[in-house]
Structure formats: C-alpha cells, structure tokens
Amino acid sequence: MARRSQQNNPEELRLQLLDLLSNFENNLKLDDLRQRVRGLVPVFNTLRDLGSSMLPDGESGRDRILLYLLRFPFTVIDGQELMVVAGIDDWARRVRELRVEHGWKILSGVTVKDIVQDWLEEESIIPIDADLELMQPDDYILLDANQDREAAHRWKSANRIRKLNLSIKDKILLFFQENIGNAISGEELRYIAKNKTEWARRVRELRTEEGWPVLTKTTGMPELPVGIYVFASNRQSPKDDRAIKDDLRRAVFVRDSYTCLDCGWTAHQWNRSDPRNLEAHHEIPHSKGGQTVKENLNTLCNVCHDVRHRKK
Ligand SMILES: [Zn+2]
Ligand SMILES: [Zn+2]
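Per this note's numbering, residue 7 is the first one in the sequence shown, and the count goes up by one each step.
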C-alpha cells in the first residue's frame with residue numbers, strides 16, 4: 007500500500023489534493039473498477055495528511071488527538087473531528103488508550119448514555135448539563151486538563167480485576183477499594199465491567215443498597231464533573247441508614263447545604279488526609295418505625311454519624 011507523505015504544509019497539501027482530484031476525472035472514465043478505486047487511494051492519503059497538518063506539533067496520531075482535546079476541554083467533541091486531526095484509521099483505539107491507559111479523563115458518549123439511562127431507570131430528577139445529555143455515542147469530552155498521575159497503577163489494577171471470576175458489582179467494589187480517594191472515571195468502571203451497560207446500575211447499588219461511600223456530583227461531592235466517581239473510604243454506612251435512594255439523599259444534602267449537622271464539616275472540605283463523606287441519618291431509627299423521608303433524615307459526616315450510632 008502506498009505510504010503517506012510526511013508533509014505538513016496545509017496549503018501544499020490542499021493543492022496536491024486538487025491536482026489528484028482533477029486527474030481522477032480520467033480514472034472515472036476507465037472501465038476497470040480496480041483502476042478507479044486505486045486512483046482514489048492517493049486522494050484519501052493526502053486528505054488525511056491535510057487533516058493531520060492542522061496540528062503539526064503532534065508527532066503521532068494519538069498526540070494530535072490529545073492536543074486537540076486539550077485545546078477544547080469541557081467541550082463536546084465529535085469523534086469525526088478527532089478522526090480528521092488524527093489522520094489515522096485506528097483513531098478510536100487511540101482515544102481509548104488515552105482515556106484508559108494514560109489516565110486522561112475523556113468521557114465518551116456511550117458511557118454518558120449508560121449514566122443517563124441509569125438515572126432514568128431510577129426515576130431520578132438529576133440536573134444534567136444539556137450538552138452531556140445530547141452527546142452521541144461517538145462524541146467525547148475531556149473533563150480534566152491534567153493527566154492523572156496514578157493512572158498507570160489503576161490500569162494495572164483494572165486489568166487484573168477485570169479477569170477475576172467475580173460478579174461485576176464485586177469487581178467494581180474491589181477496584182474502588184484499591185483506589186480509595188482517587189477520581190475514577192465511568193470509562194474505567196465500564197472497562198472493568200467488560201463494557202456491559204449494567205456497570206452504572208451496580209455502582210448505584212453499592213451506594214444505595216450497601217451503603218458504600220461512592221461519591222459523585224449528585225451524591226455528595228457537587229464539585230465533581232458528571233461521570234467521575236470517588237470512593238471516599240472503605241467503610242459502609244450504618245445498616246439502619248442504607249436503602250436510601252440517591253435523589254432523596256441528595257435532597258437532604260441540598261437542604262442541609264452539604265454540611266454535617268453536628269460538626270459543620272462540608273463536602274467542599276474533602277481531602278485525602280481526612281477523607282470524610284456525608285451520610286443521611288434517620289433521626290427516628292428506621293428499625294423503630296422512623297420513615298425514610300426527608301423530614302426524618304439529617305446530614306452527618308461519617309465520623310459524627312458513627313458517634314451517634316455508638317451512643318444508642
Ligand atoms: Zn460531623
Ligand atoms: Zn444513622
């Protein structure tokens with residue numbers, strides 16, 4: 007197969023392309039199908055060179071994809087744009103490498119769809135950015151302009167866990183437990199679930215049914231972007247306070263301004279050396295007939311929450 011030129015002068019490439027296309031007029035008149043097709047090969051290659059010449063600093067297709075995303079962070083980018091600047095056939099694989107192996111927080115439309123679908127099943131009314139909701143499977147968005155330094159460690163951990171003979175929920179929990187306090191993207195969780203769309207539902211079950219502190223934008227850490235998850239600590243909330251639906255818990259947190267009623271700790275103070283999280287606590291215990299309704303729920307940090315339960 008004909009190799010591509012290494013030129014990156016856009017204007018020269020444009021002229022070459024025009025030339026090739028006007029010569030193709032003769033090929034079109036040929037009876038031989040293969041000759042017609044082969045006449046188009048240099049046109050394709052030159053067009054790709056023209057696309058990759060848009061970002062001449064990127065040495066590889068993967069570099070150019072990254073450079074382009076970094077120019078437009080927090081913006082929904084059509085995969086076709088990445089195809090143009092990458093100038094290579096397997097651009098989609100390079101995007102996957104960037105987001106899974108290299109730790110760039112690039113969320114794909116497919117993963118966003120899983121998340122939104124899970125919210126709809128839960129009948130949660132969660133404010134989602136209009137941009138994200140309109141994302142097509144082939145769209146991408148860069149959520150953080152910095153590379154995640156622990157990505158290499160997580161990539162190893164994800165690959166090992168992915169192959170274990172466990173349920174998807176247990177695999178995701180194990181991955182969280184090995185990466186406490188890290189910002190983990192939905193892409194990684196989807197990868198561990200071998201791309202099964204149920205990953206989003208399993209994550210919700212870990213939080214709402216089993217009481218694990220899986221924080222997201224809408225479940226305790228409002229400053230996180232959609233699609234990023236933080237496992238705050240390896241501790242389940244007290245049994246009596248589990249089975250609280252996400253949107254009810256969020257309504258309680260919002261009412262209490264994301265602040266612990268007892269000590270005043272707020273979700274904005276979260277840091278890795280003091281990794282607390284907010285929980286909803288039944289004022290009248292559920293076991294004593296207290297209802298799981300907003301009026302009977304209070305916001306507490308996990309430290310104060312444990313103190314309250316010990317007192318009982
Ligand atoms: Zn507290
Ligand atoms: Zn409680």
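Quick reminder that beta carbons are idealized off the backbone N, C-alpha and C, glycines included. None of the values given here were measured: they were computed from a predicted structure.
Secondary structure note for H287: its beta strand (DSSP E) is the uninterrupted segment 284-288. For the pair L303 and Y74, the Cα-to-Cα distance works out to about 46 Å.
Under the 10 Å beta carbon count, C269 is surrounded by fewer than 16 other beta carbons and is classified as exposed.
Within the same chain, H315 come within 6 Å of P244 by CB-CB distance, once the 5 residues on both sides are set aside.
Excluding sequence positions up to five before and after R42, its CB lies within less than 7 Å of the CB of N33, L34, L36, all in the same chain and listed in chain order. Beta-carbon to beta-carbon, S66 and V91 are separated by about 12 Å, too far to satisfy the 8 Å threshold.
Looking at the DSSP output, T272 bridges to T265.
Shown here for V116: same chain residues with a beta carbon closer than 7 Å to its own, the five before and five after excluded, namely P143 in chain order.
Residue list for ligand 1: C266, D268, C269, W271, L306, C307, V309, C310 (CB closer than 6 Å to any heavy atom, chain order).
Note on the segment 179-211: whole alpha helix (DSSP H) runs with a minimum of 4 residues are 192-198, in chain order. In this structure, I198 and R168 form a Cβ contact; the two beta carbons are roughly 5 Å apart against a cut-off of 8 Å. With contacts defined as CB atoms closer than 9 Å, S163 and Y235 fail to qualify as a contacting pair.
DSSP, reduced to helix, strand and coil, places I250 outside both helices and strands of the structure shown, so it counts as coil.
Of all C-beta pairs linking the segment 203-217 to the segment 176-192, three or more are shorter than 8 Å, placing the two stretches in contact.
With a cutoff of 9 Å on beta-carbon distance, E103 and R77 are scored as not near each other. Taking 9 Å as the cut-off, the beta carbon of D247 is found no closer than this to the beta carbon of E128. Bounds of the alpha helix (DSSP H) holding D120 are 115-127. From the listed residues R256, W125, T81, K177, the smallest Cα separation to L113 is found for T81.
Relative to ligand 2, S293 has its C-beta separated by 8 Å or more from all heavy atoms.
The alpha-carbon of C310 is positioned some 18 Å away from that of M227. Of the other Cβ atoms in all chains shown, 16 or more fall within 10 Å of the Cβ of I71; this residue is therefore buried. Per DSSP, N302 lies in no alpha helix (DSSP H) and is assigned neither H nor E. Annotated three-state conformation of D25 is helix, per DSSP.
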